[in-house]
Amino acid sequence: MPVAQWFIVIEMHTVSASVSIPNSVLTEASILRQLSNIRNVVPLLATIHTSDVSYLVFPFYRNGSVGDELLRRRSKSDHFSQATVSAALAVVMVYAASDGSTHRKSGIYFSVIRIFVGICAAVRVLHRLGYVHRDLKVANFLLTDDGTPLLTDFGSATRVPITIGSAREQQHMVDEAAEMCSMPYRAPELFDCQIGSVITEAADIWSLGCCLYALCYFVSPFDLVYEKGDSVALAVQSPEKIHYPDVKLFDKHLIEVMRRLLIVEPSQRLSLEEAANMLTLLETNFKDTCDGAVTV
């Protein structure tokens, strides 16, 4: 039986005894139930409500998140491969490169495209339900034993579109984004929320661009800006200044997908379908030309 079926982790939401269950808990539980049959979404096992605490019960995944895996690899500059190669080649490479670490022993063959397309599959269904996640980041994708990414943490999700019609609505959205949306992955429109603008699922597209970058280079393109204490709000207005390290594993076509996801104007960003299709085609071409110079 898979490990995820043996252990559970409980997410707790504390509420005032004088009020009902907060809308965020009800919304998260509702979304998870609607996504219960989606392969790339963490399953909700149960909900428990008391007078002052609500619990959402989830499976436990011993591999942690995509973010955890990237952190383990970052110190060794151990990049994911760009695409999946044949199963036979993957087995040979896992065996040849094995150094006793957990992720190598598991026999999982990680690839940027495989993980990202799985992520897109989960987000696409969420968008079809009329929601935007608002906190897509590598830490919010858990990894199963076979390396499948599962989207989690829907506490920040909300209905879209949202029209910003007044200064009050603008400030409310800015404050909400500051609380719920991780800054290095936050879309430009969520920093200023200009009056007259409309917040759509395109905010998630920007975050996915940051996730794709992190899958290749271990961190969001704005993590270093954030760590230095510089203005991320200003940095996201100039995505053309993003540095793409010269890593031979990743070709110009993959980088072009990142660039087209990380566009300031929301309407000009790639759609999920376009991004997934481009990467799937890229993976097919990569398999045909793979020269074995990839790592696992």
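Numbered according to the numbering used here, the sequence shown spans residues 2 to 297.
We put the CB at the ideal spot given by N, CA and C, even for glycine.
It should be emphasised that the depicted structure is a prediction, and the values quoted were computed from it without experimental measurement.
For the 8 angstroms CB-CB criterion, V42 and F59 do not form a contact. In this structure, P150 places its C-beta atom within 8 angstroms of the C-beta atom of I120. Between the alpha carbons of L130 and N38 lies a gap of roughly 14 angstroms. Per DSSP, H254 is not a residue of any beta strand (DSSP E); the alpha helix (DSSP H) it occupies stretches across 253-262.
Taking a cut-off of 8 angstroms for Cβ pairs, the stretch 176-195 and the stretch 252-261 do not touch, as fewer than three such pairs fall below it. Here the C-alpha atom of T164 lies approximately 16 angstroms from the C-alpha atom of A188. Rounded to whole angstroms, the gap between the alpha carbons of K249 and V113 is 14 angstroms. With contact defined as three or more Cβ pairs closer than 8 angstroms, the stretch 214-232 and the stretch 265-285 are not in contact.
V248 sits in coil when the DSSP states are folded into three classes, being neither helix nor strand. According to the DSSP assignment, V54 belongs to the beta strand (DSSP E) that extends over 54-60. Scanning its chain for C-beta atoms nearer than 7 angstroms, with the 5 sequence neighbours on each side dropped, one finds around E190 the residues S198, I200, A204, P267, in chain order. The stretch 112-151 is shown to contain whole alpha helix (DSSP H) runs of 4 or more residues at 113-129, in chain order. By the C-beta density criterion, F61 is exposed, having fewer than 16 other C-beta atoms within 10 angstroms.
If you check the CB distance, V26 and S52 do not come in under 8 angstroms.
Per DSSP, T153 is not a residue of any beta strand (DSSP E), being assigned neither H nor E.
For T28, the enclosing alpha helix (DSSP H) begins and ends at 24-35. By the criterion of a C-beta distance shorter than 8 angstroms, H244 is surrounded in its chain by P222, once the five residues flanking it on both sides are discounted.
About 13 angstroms separates the Cβ atoms of R135 and C212, ruling out a contact at the 8 angstroms cut-off.
Exposure of H173 is indicated by the presence of fewer than 16 other C-beta atoms within 10 angstroms of its C-beta.
Residue pairing by DSSP places S82 opposite S112 in a beta bridge. Among the bridge pairs identified by DSSP, T164 is matched with V199.
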